[in-house]
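Residue numbers (full-length UniProt numbering): 1 to 502.
Just so it is clear, CB atoms sit at the ideal spot from N, CA and C, and this is done for glycine as well.
Have a look at the structure below, then the notes.
Dropping the structure here:
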């Protein structure tokens, strides 16, 4: 506890005149001023007047006195009170400090119980008894991980959340739209009182973070005990202890999202990625064999971190096997596939939330993540230049625009070749086939089966078989114009690159 906090509590009961510096020392002791005082401790509150002191303090101190004229070293904190209240204030300071020590001991006891392997239900009940109110622990996906049972939850919204085991989408939207939530996202304090329309009890909420990513929250429902200053101080610590226990008991399963998100953020943000790659190997982290990155950006500039966070939850709802990451105004999610149902959901979300969404090409190595992330970003940017927003854009639709916009001799041209070409080349090398040449010739002949088979000196049925095998391998619709255009450009670039090497 700091001196400023002690003063704040005294001001509720006594008339005081404050003279406080910018710094507020931690309070470790208190004592009455002695006429023979020679040693002055910066972490002790001195109570009494200094007019009979032989040796004034050489260093800043904390003082409670009734003398109006006083000269103390720079940086000191002191308050002036009424003479007849000094004794009563001494007792009040004693109670404040002893209560603070008692509360700290309760936290130590909670931490000790956690270290001894006590279960999450018993720990959250112990914490609820200490704080005097019901507690609910949730993860980043708004799933209820644990809740106290020794205090009745009478709030109807949270009663429903606990009963179903997760927070409903409608509930999340209410929280998202609340003024309290907006202010919290703006100022970023450890705790925030959240009161929704129709609430009977305020909720004190603390976010639980890991490496700057939100992984959960602890909610205290004020019903049985009014909010006190120690609630604001201790709830973040209690939340961290409880979530660590959940992580231990669950084997880290739910925590995986945060771990993956942290690694993806590093892959985007760090210039030297060797440590991140080593961390992925050390932790034995596995990414999907095939990946896409879906990236969204609000059409209007949004600085509210909570809005971005709740939007990322919507992406995780659409892609349950995806891993979200928020980076420089963009909300992305790494996913194993994007099918027609996903596209339909994304289209609805883009229009509803006023966002533009870009989708990268498929890729097969996590080291390509940053490149593919900016493919999705490029799709959004090029679409906006054409006056297109609030839609879902594939990078294939803007591949050529991106090529023209970026090629200045610094970025390797190979980056603009569709990965389907690599798939065909590798298959040809392994199986002694000519699928790469077949598809290239098929496009050069304007998809005419007769001309293509003649040029390749193969039977028409053989060509049909090859095209079927090609589509099975690359999983692309060769009747879609943007796909065809993207592959045509890729063949041209690849031909140029191969010729340049010789």
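Alpha carbon of residue 313 to alpha carbon of residue 321, nearest angstrom: 12 Å
Classification of residue 398 by the beta-carbon crowding that lies within 10 angstroms, buried from 16 upward: buried
Reference residue 46, options 335, 35, 459 and 62, closest by Cα: 62
Closest residue to residue 50 among 44, 109, 34 and 42 (Cα-Cα distance): 34
Strand pairing of residue 218, partner residues [DSSP]: 137 and 206
Nearest neighbour of residue 232, chosen from 450, 209 and 203 [CA to CA]: 203
Beta-carbon proximity list for residue 184, same chain, < 6 Å, skipping 5 on both sides: 192
Short CB-CB distance (under 8 Å) between residue 133 and chain C: Of the protein chains in this structure there is only one, and it is not chain C.
Distance between residue 151 and residue 128 (C-alpha atoms, nearest Å): 8 Å
For residue 464 and residue 267, the rounded distance between their alpha carbons: 42 Å
Continuous alpha helix (DSSP H) assignments of at least 4 residues falling wholly in the UniProt domain "PucR C-terminal helix-turn-helix" (437-492): 449-456 and 460-474
Cα-Cα separation between residue 9 and residue 200, rounded to whole angstroms: 26 Å
Beta strand (DSSP E) segment containing residue 62, residue limits: 62-65
The alpha helix (DSSP H) enclosing residue 163, as first and last residue numbers: 156-164
Neighbour-count burial assignment, residue 411, 16 or more Cβ in a 10 Å radius: exposed
Classification of residue 295 by the beta-carbon crowding that lies within 10 angstroms, buried from 16 upward: buried
Residue 110 vs residue 241 beta-carbon contact at 8 Å: yes
Residue 106 - DSSP class collapsed to helix/strand/coil: helix
Minimum C-alpha distance to residue 4 - residue among 21, 195 and 15: 21
Buried/exposed call for residue 154, threshold 16 Cβ in 10 Å: exposed
Sequence ranges, beta strand (DSSP E) only - wholly within the region 332-395, length at least 3: 355-359 and 392-394
In DSSP terms, what residue 276 is bridged to: Per DSSP, none; premise fails for residue 276.
Residue 194: first and last residue of the uninterrupted beta strand (DSSP E) it sits in: 191-194
Pick from 479, 244, 265 and 480 that is closest to residue 139, judged by C-alpha positions: 244
Proximal residues to residue 77 (C-beta, below 6 Å), its chain only, five neighbours per side dropped: 3, 20, 21 and 62
Distance CB(residue 319)-CB(residue 353) smaller than 8 Å: no
Residue environment, residue 440, which counts as buried when at least 16 other CB atoms sit within 10 Å: buried
CB of residue 136 within 8 Å of CB of residue 208, strictly: no
Host alpha helix (DSSP H) of residue 31 (start-end): Element bounds for residue 31: not the alpha helix (DSSP H) but the beta strand (DSSP E), 29-32.
CB contact flag (residue 261, residue 324, <8 Å): yes
Residue 276 to residue 432 span [Cα, whole Å]: 37 Å
Candidates 400, 190 and 14, of which the one nearest residue 481 by Cα: 400
Spatially closest choice to residue 31 from 43, 403, 285 and 414, by CA coordinates: 43
Cβ-Cβ separation, residue 263 to residue 293 (assumed contact under 8 Å), whole Å: 14 Å between Cβ atoms; not a contact.
Buried/exposed call for residue 253, threshold 16 Cβ in 10 Å: For residue 253, the predicted model reports a pLDDT of 47, less than 50, meaning its position is unreliable; a value from the coordinates is still stated below. Residue 253 should be labelled exposed.
Simplified DSSP state of residue 4, which is helix, strand or coil: helix
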